[in-house]
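S.K.:
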Amino acid sequence: RVSGGKLDCLKQSSSDRNCEKTLGRFYQTQVTWCATPTAHKMNWLEEIIARKRSDIAKMQDEEFRARVERRDDFRDFHAAIRRGSGHVRIIAEAKSASPSAGMIMANYDPAQVAKRYEANGADAISVLTEQNYFRGDPEHLTAVREAVTLPILRKDFIIDERQILESVAIGGDAIVLIV
2 RVSGGKLDCL KQSSSDRNCE KTLGRFYQTQ VTWCATPTAH KMNWLEEIIA RKRSDIAKMQ
62 DEEFRARVER RDDFRDFHAA IRRGSGHVRI IAEAKSASPS AGMIMANYDP AQVAKRYEAN
122 GADAISVLTE QNYFRGDPEH LTAVREAVTL PILRKDFIID ERQILESVAI GGDAIVLIV
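Under the working numbering, read the sequence shown as residues 2 to 180, first letter to last.
1. I1 by DSSP, collapsed to three states: which one?
2. When you compare the CB positions of F78 and A125, do they come within less than 8 Å of one another, or not?
3. In three-state DSSP terms, what is C35?
4. If you draw a straight line from the C-alpha of R68 to the C-alpha of D174, how long is it?
5. Would you decide whether I176 is buried or exposed? Buried here means 16 or more other CB atoms lie within 10 Å of its CB.
6. Please return the same chain residues whose Cβ sits closer than 8 Å to the Cβ of E64, not counting the five positions on each side in sequence.
7. Would you call L166 buried or exposed, if buried means 16 or more other Cβ atoms sit within 10 Å of its Cβ?
Here's what the structure looks like:
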């Protein structure tokens with residue numbers, strides 16, 4: 002969510018507090034996580050994270066930092082999902098594939114998907130940007146942002162500050178930490 006012009010991270014953890022680990026302080030928000038996957042799930046999670054680390058090693062954060070400094074068009078994600086007027090808030094997800102389901106949508110157009118979600122009452126849009134296993138792309142988030150007026154949540158395996166900077170630079174208003 003956005004607080005004081007900065008991107009905040011959502012917190013995702015299980016009920017088992019014994020495995021809670023601090024990822025660090027990014028943009029004034031303490032972020033923690035707790036992974037409790039099954040053995041099968043852990044194998045593909047380890048594979049995804051290893052690949053993600055390799056991809057991150059190639060990232061240059063100078064360009065992202067410059068774009069982050071210029072950005073002033075944050076949409077209020079927190080306000081969009083705050084419960085009010087007695088109804089459930091909807092974060093609609095745009096994604097084309099997953100490791101478990103395979104291809105979800107053959108002719109995936111994230112901007113068109115997001116427009117349909119917005120037209121049907123979604124309060125925010127989640128865009129999956131992980132490229133290697135979910136067939137996402139950071140450009141999908143940018144396209145969605147240009148297509149709708151709703152706040153945009155980036156969903157990816159965020160494990161490094163450079164990815165947070167990238168999230169802001171490509172138009173994210175919030176991120177979710179999957180791991």
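Note that beta-carbon positions come from the ideal geometry of N, C-alpha and C, so glycine has one too.
All values derive from a computational prediction rather than experimental measurement.
M.R.: In brief:
1. As displayed, the chain neither begins before 2 nor continues past 180, which places residue 1 out of reach and without an answer.
2. yes
3. Here C35 scores only 38 on pLDDT, less than 50, and its place in the model should not be relied on; the value that follows carries that caveat. Note: C35 maps to coil in three-state DSSP.
4. 14 Å
5. In this structure I176 is buried. Its beta-carbon is surrounded by 16 or more other beta-carbon atoms within 10 angstroms.
6. So the list reads A170, once near-sequence residues are dropped.
7. The Cβ neighbour count for L166, taken over all protein chains shown within 10 Å, is at least 16; the residue is labelled buried.
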